[in-house]
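Input: a single structure, listed below in structure tokens.
Protein chains in written order, with the working numbering: chain U, 18 to 207; chain C, 18 to 207.
What follows is the structure, encoded as structure tokens:
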């Protein structure tokens with residue numbers, strides 16, 4: 018039976034994006050954001066929501082750019098740290114030993130050791146409430162070559178992305194393959 | 018080594034939301050959307066992007082409401098179908114045998130057999146490109162009581178939500194718990 022559990026920010030799955038930016042002095046910063054996702058196929062766009070108070074907020078506004086780095090299981094601890102520490106007082110790349118790499122196409126750094134990085138140019142800023150949503154156009158994706166499948170697509174089973182369970186405040190991995198999209202439901206078509 | 022794989026709509030994980038709406042005649046419809054996610058903590062909001070051509074598009078505009086239903090592993094086939102068929106020509110609830118339930122707080126149906134449903138009131142409409150983003154304020158969540166943990170939160174391990182791997186066009190389940198959020202990264206704090 019269904020019961021009401023009230024208004025909450027709860028969907029499953031939620032991503033563990035790490036947003037890469039440069040501050041005004043050119044110092045690279047990394048911040049974890051779970052409020053986001055792809056929001057348009059053409060132009061290809063990704064949305065991420067940040068509070069105004071985050072150090073990365075003004076970095077994105079000023080540089081008009083950010084990267085979205087996908088957290089792999091191996092670096093879940095680092096991404097948890099990226100979500101708690103502030104780039105105002107800490108050099109998060111130095112603290113974690115991870116390596117910022119200047120993007121080819123936008124004025125933002127991606128994380129060398131993370132498997133997938135989306136280079137995004139700021140397209141729109143949407144005022145919602147305590148969070149402001151940045152919509153970035155994906156100009157390119159950088160991926161670790163050894164994680165690609167035979168079609169040249171990053172294999173989720175090799176990328177091993179981390180998921181976030183918001184109200185449980187816990188991280189999870191990806192499980193088994195369940196089926197082929199745009200295919201397994203065809204038998205239901207009437 | 019990282020290589021460029023071009024601009025794509027690829028992040029991991031991506032959700033398998035089923036959007037519940039009523040059409041002008043009051044017929045319930047269900048449509049799958051993978052482009053979306055939580056976008057604000059206060060007011061609690063969720064974003065979903067739809068093409069203008071989808072039957073659900075005008076349903077949302079006219080009723081100013083929708084539900085977001087989380088696909089469980091058990092119904093991955095039904096959600097795949099909900100993403101391919103159109104409510105213009107098919108009664109998708111009849112075809113799947115699933116049950117639409119009128120939401121308590123908004124003018125949209127949720128799916129009785131799905132574990133979690135967010136009742137959303139349309140707050141903003143954002144024009145992006147081929148997709149239009151609807152931002153809904155989450156007025157309530159309905160959850161199956163037997164899936165709640167000791168704190169009253171839906172347990173992701175019991176909900177068994179489905180993930181979508183966009184370019185691979187495949188569905189996956191959730192794997193193992195990796196750690197506690199806002200906790201495991203603390204040892205890195207300098």
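Cβ atoms here follow ideal geometry from the backbone N, Cα and C, with glycine treated the same way.
Here the structure is a predicted model, which means the values were calculated and not measured.
Exercise for the section: Verify the CB distance criterion: does residue 9 of chain C have a CB-CB separation below 9 Å to chain U? Expected result: Since the first residue of chain C shown is 18 and the last is 207, residue 9 of chain C is not available in this structure.
Practice task
Kindly indicate if chain C contains any beta-carbon less than 9 Å away from that of residue 222 of chain U.
Solution key: In the structure as shown, chain U starts at 18 and stops at 207, and residue 222 of chain U therefore has no counterpart that could be examined.
Handout entry: alpha helix (DSSP H) runs contained entirely in the stretch 72 to 96 of chain C, provided each spans 4 or more residues
Key = With a minimum length of 4 residues, the continuous alpha helix (DSSP H) runs that stay inside the stretch 72 to 96 of chain C are 72 to 80.
Problem - Coil, strand or helix - residue 176 of chain C by DSSP - result: In this structure, residue 176 of chain C counts as helix in the three-state DSSP scheme.
Handout entry: Unbroken beta strand (DSSP E) run spanning residue 134 of chain C, endpoints
Key = Taken as a continuous stretch (DSSP letters only), the beta strand (DSSP E) holding residue 134 of chain C covers 133 to 144.
Practice task
Taking only the alpha-carbon atoms, compute the straight-line gap between residue 103 of chain U and residue 26 of chain U and give it to the nearest angstrom.
Solution key: Looking at the two C-alpha atoms, the distance is approximately 23 Å.
Problem - residue 133 of chain C beta carbon less than 9 Å from that of residue 87 of chain C - result: Against a cut-off of 9 Å, the Cβ pair of residue 133 of chain C and residue 87 of chain C comes out as a contact.
Handout entry: Residues bridged to residue 194 of chain C [DSSP beta-bridge criterion]
Key = According to DSSP, which records beta bridges pairwise, residue 194 of chain C is partnered with U:189.
Practice task
Measure from the alpha carbon of residue 127 of chain C to the alpha carbon of each residue in C:69, C:38, C:23, C:192, then state which is nearest.
Solution key: Selected option, being the one with the closest Cα: C:38.
Problem - Contacts of residue 18 of chain C in chain U (Cβ-Cβ under 9 Å) - result: At a C-beta separation below 9 Å, residue 18 of chain C has these neighbours in chain U: 161, 162, 163.
Handout entry: Cα-Cα separation, residue 94 of chain C to residue 119 of chain U
Key = When rounded, the distance between both Cα atoms is 42 Å.
Problem - Closest residue to residue 85 of chain C among C:61, C:92, C:65, C:69 (Cα-Cα distance) - result: In terms of Cα proximity to residue 85 of chain C, the closest of C:61, C:92, C:65, C:69 is C:65.
Problem - Contact list for residue 53 of chain C against chain U, beta-carbon separation under 7 Å - result: Simply 54.
Practice task
Tell me whether residue 46 of chain C is buried or exposed, calling it buried when 16 or more other Cβ atoms sit within 10 Å of its Cβ.
Solution key: Flag for residue 46 of chain C reads buried.
Practice task
Kindly confirm or deny that the stretch 155 to 166 of chain C and the stretch 149 to 164 of chain U touch, where touching means at least three C-beta pairs closer than 8 Å.
Solution key: By the criterion of at least three beta-carbon pairs nearer than 8 Å, the stretch 155 to 166 of chain C is not in contact with the stretch 149 to 164 of chain U.
Exercise for the section: With distances taken Cα to Cα, identify the nearest neighbour of residue 57 of chain U among C:28, C:138, C:112, C:185. Expected result: Ranking C:28, C:138, C:112, C:185 by CA distance to the CA of residue 57 of chain U puts C:28 first.
Exercise for the section: Put residue 163 of chain U into one of helix, strand or coil per three-state DSSP. Expected result: Helix.
Practice task
State the Cα-Cα distance for the pair residue 122 of chain U and residue 180 of chain U, rounded to the nearest angstrom.
Solution key: In this structure, the alpha-carbon of residue 122 of chain U lies about 28 Å from that of residue 180 of chain U.
Problem - Inter-residue CB distance, residue 112 of chain C and residue 205 of chain U (contact presumed, cutoff 8 Å) - result: Going by Cβ atoms, the distance from residue 112 of chain C to residue 205 of chain U rounds to 6 Å, so yes, they are a contact pair.
Practice task
State the start and end residues of the unbroken beta strand (DSSP E) segment that holds residue 19 of chain C.
Solution key: Counting along the chain, the beta strand (DSSP E) containing residue 19 of chain C begins and ends at 19 to 21.
Exercise for the section: Verify the CB distance criterion: does residue 133 of chain C have a CB-CB separation below 9 Å to chain U? Expected result: Put simply, the CB of residue 133 of chain C is near chain U, with a gap under 9 Å to one of its CB atoms.
Exercise for the section: Would you mind stating whether residue 138 of chain C and residue 82 of chain C have Cβ atoms separated by less than 9 Å? Expected result: It is a contact, given that the beta carbons lie within the stated cut-off.
Practice task
Could you check how far apart the C-beta atoms of residue 197 of chain U and residue 89 of chain U are, in whole angstroms? I think they sit under 8 Å.
Solution key: Wrong, their Cβ atoms sit about 24 Å apart, outside the cutoff.
Exercise for the section: Specify the secondary structure class of residue 44 of chain C as computed by DSSP and reduced to three states. Expected result: Here residue 44 of chain C sits in coil by DSSP.
Practice task
Quick one: residues in its chain with C-beta nearer than 6 Å to the C-beta of residue 105 of chain U, no 5 flanking neighbours on either side, listed in chain order?
Solution key: Result list for residue 105 of chain U: 72, in chain order.
Problem - Paired residues, beta bridge with residue 68 of chain U - DSSP - result: The partner list for residue 68 of chain U (beta bridge, DSSP) reads U:148.
Handout entry: Identified DSSP bridge partners for residue 119 of chain U
Key = According to DSSP, residue 119 of chain U bridges with U:126.
Problem - Chain-ordered residues of the stretch 59 to 70 of chain U with a beta carbon less than 7 Å from chain C - result: Listed by position along the chain: 59, 60, 61, 62, 63, 64, 66.
Exercise for the section: Taking only the alpha-carbon atoms, compute the straight-line gap between residue 100 of chain C and residue 41 of chain U and give it to the nearest angstrom. Expected result: The straight-line gap from Cα to Cα measures roughly 44 Å.
Handout entry: Closer than 9 Å to chain C by CB, residue 119 of chain U
Key = Judged by the 9 Å Cβ criterion, residue 119 of chain U is not in contact with chain C.
Exercise for the section: May I ask you to list the residues that DSSP assigns as paired with residue 171 of chain U? Expected result: BP columns for residue 171 of chain U point to U:165.
Practice task
Give a yes or no on whether the minimum CB-CB distance between residue 37 of chain U and chain C is below 9 Å.
Solution key: No - not a single Cβ of chain C is within 9 Å of the one on residue 37 of chain U.
Problem - Neighbour flag for residue 185 of chain C against chain U, beta carbons, 9 Å - result: Closer than 9 Å: yes.
Exercise for the section: Using beta-carbon positions only, say whether residue 191 of chain C and residue 191 of chain U come within less than 9 Å of one another. Expected result: Closer than 9 Å, so yes.
Exercise for the section: Tell me whether residue 111 of chain U sits in a helix, a strand or coil according to DSSP, three-state version. Expected result: Judged by DSSP in its simplified three-state form, residue 111 of chain U adopts helix.
Problem - Under 7 Å from the C-beta of residue 151 of chain C: neighbouring residues of chain U - result: None at all; the shortest Cβ gap to chain U is about 10 Å.
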